[in-house]
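Novice: Sending over a structure as structure tokens; questions will come in a sec.
Numbering (our numbering), first residue to last: 2 to 294.
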């Protein structure tokens with residue numbers, strides 16, 4: 002992207018982050034917030050038993066009756082992102098790749114956390130752990146994370162396989178306080194269920210599965226050679242065959258259903274975001290729905 006496109010993207014992300022921040026702060030996960038100070042929220046009329054030290058003398062003089070100041074506890078929520086940068090994330094036939102969808106999701110969550118003054122950290126992995134940092138608060142931390150996410154777009158070398166299990170184990174060791182952990186991956190690997198369960202014992206976990214239309218339906222263009230992006234295995238798939246198309250779709254349905262059941266069983270909240278959808282809108286809708294639940 003050129004400079005003007007980057008500026009436009011940054012502006013859009015920050016506008017969406019404002020909406021997402023409100024949803025994150027008032028949703029089901031608000032129980033994770035910890036108090037760290039008091040913030041003035043307004044005044045009300047004095048009631049018998051109120052602390053006289055809380056009287057707002059200026060307002061009371063104007064209204065000719067006593068009013069007291071009200072304060073709300075400022076609250077913060079530690080947020081931790083687990084972001085998949087493996088080869089399979091580079092695939093997709095939607096408006097963008099799975100990887101680009103994941104980057105957008107991770108970026109807006111980071112900005113929303115900054116807006117809420119919430120410490121935010123992340124781990125990024127492919128076949129190995131490439132980046133990891135504990136949650137910290139502030140614009141500098143957000144810039145570090147956003148830079149790491151943007152580097153994923155232009156990265157040319159990756160380790161084969163997926164270290165999702167190691168990333169989850171690492172998050173469990175790294176997080177010292179109860180946090181909101183958001184995993185962004187296509188979950189096309191094994192071995193993640195047990196470390197997910199352990200992580201969810203002391204944290205609230207949202208498992209975001211990035212999906213693409215080609216997961217369930219390939220374009221019908223005859224017999225085509227496909228290469229598994231993780232293992233390098235070559236296969237010839239008869240994409241125009243009706244039976245094959247049905248089996249491909251049913252296989253994906255079973256895989257997604259098994260993933261959903263496993264997440265729920267392990268006390269994680271499953272969320273699907275398609276490459277055809279706007280990641281920001283999907284996240285905002287999710288947190289608003291959690292607020293209403």
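Where a beta carbon is used, it is the ideal one built from N, C-alpha and C, also for glycine.
1. Just to confirm my understanding: we take residue 328, look at its own chain, exclude 5 residues before and 5 after, and list those with CB closer than 7 angstroms. What are they?
2. For residue 284, count neighbouring C-beta atoms within 10 Å of its own C-beta (all shown protein chains included) and say buried if the count is 16 or more, exposed if not.
3. Helix, strand or coil for residue 68? Go by DSSP, reduced to three states.
4. Tell me, please, which residues DSSP counts as bridged to residue 269.
5. What's the call for residue 206, buried or exposed, on a 16-neighbour Cβ count within 10 Å?
6. Out of 151, 123, 158, 160, state which residue places its alpha-carbon closest to the alpha-carbon of residue 142.
7. Suppose the cutoff is 6 angstroms on Cβ atoms and the five residues either side in sequence are ignored; what does the same chain contact list for residue 55 look like?
8. At what residue ranges does the stretch 102-182 contain a whole run of the beta strand (DSSP E), taking only runs of 3 or more?
9. Please state whether DSSP places residue 98 in a helix, a strand or coil.
10. Reducing DSSP to helix, strand and coil, say where residue 78 ends up.
11. What three-state label does DSSP hand residue 192 in the structure shown?
12. Please return the same chain residues whose Cβ sits closer than 7 angstroms to the Cβ of residue 239, not counting the five positions on each side in sequence.
13. Would a C-beta distance cut-off of 8 angstroms place residue 88 and residue 159 closer than the cut-off?
14. Between which two residues does the beta strand (DSSP E) harbouring residue 230 extend?
15. Considering only the beta carbon of each residue, do residue 132 and residue 104 sit closer than 8 angstroms?
Specialist: Judging by the given coordinates:
1. Here the chain comprises residues numbered 2 to 294, so residue 328 is not present and cannot be evaluated.
2. For the purposes of this step, residue 284 is identified with residue 283 of the chain shown, where counting begins at 1. Residue 284 comes out buried.
3. Within the chain shown, residue 68 is the residue found at index 67, counting from 1. Reduced to three states, the DSSP call for residue 68 is strand.
4. Position 268 of the chain shown, counted from the first residue, corresponds to residue 269. The partner list for residue 269 (beta bridge, DSSP) reads 206.
5. As a first step, residue 206 is located in the chain shown; it is residue number 205 there, counting from the start. When all chains shown are included, residue 206 counts as buried.
6. Translated into the one-based positions of the chain shown, residue 142 becomes position 141. Nearest option by C-alpha distance: 123.
7. Numbered from its first residue, the chain shown carries residue 55 at position 54. Answer for residue 55: 69, 70, listed in chain order.
8. Taken in chain order, the complete beta strand (DSSP E) segments of 3 or more residues contained in the stretch 102-182 are 121-126, 130-137.
9. Residue mapping note: residue 98 aligns to position 97 of the chain shown, counting from 1. Residue 98 falls in the coil class under three-state DSSP.
10. Translated into the one-based positions of the chain shown, residue 78 becomes position 77. The answer is coil: DSSP assigns residue 78 none of H, G, I, E or B.
11. Indexing the chain shown from 1 puts residue 192 at position 191. In this structure, residue 192 counts as coil in the three-state DSSP scheme.
12. Numbered from its first residue, the chain shown carries residue 239 at position 238. If we look at residue 239 and ignore the five residues flanking it on each side, its Cβ neighbours are 224, 245.
13. Within the chain shown, the letter at position 87 stands for residue 88. Within the chain shown, the letter at position 158 stands for residue 159. Yes.
14. The sequence position of residue 230 within the chain shown is 229, counting from 1. For residue 230, there is no enclosing beta strand (DSSP E), as DSSP gives it neither H nor E.
15. Within the chain shown, the letter at position 131 stands for residue 132. Within the chain shown, the letter at position 103 stands for residue 104. Going by C-beta atoms, residue 132 is not nearer than 8 angstroms to residue 104.
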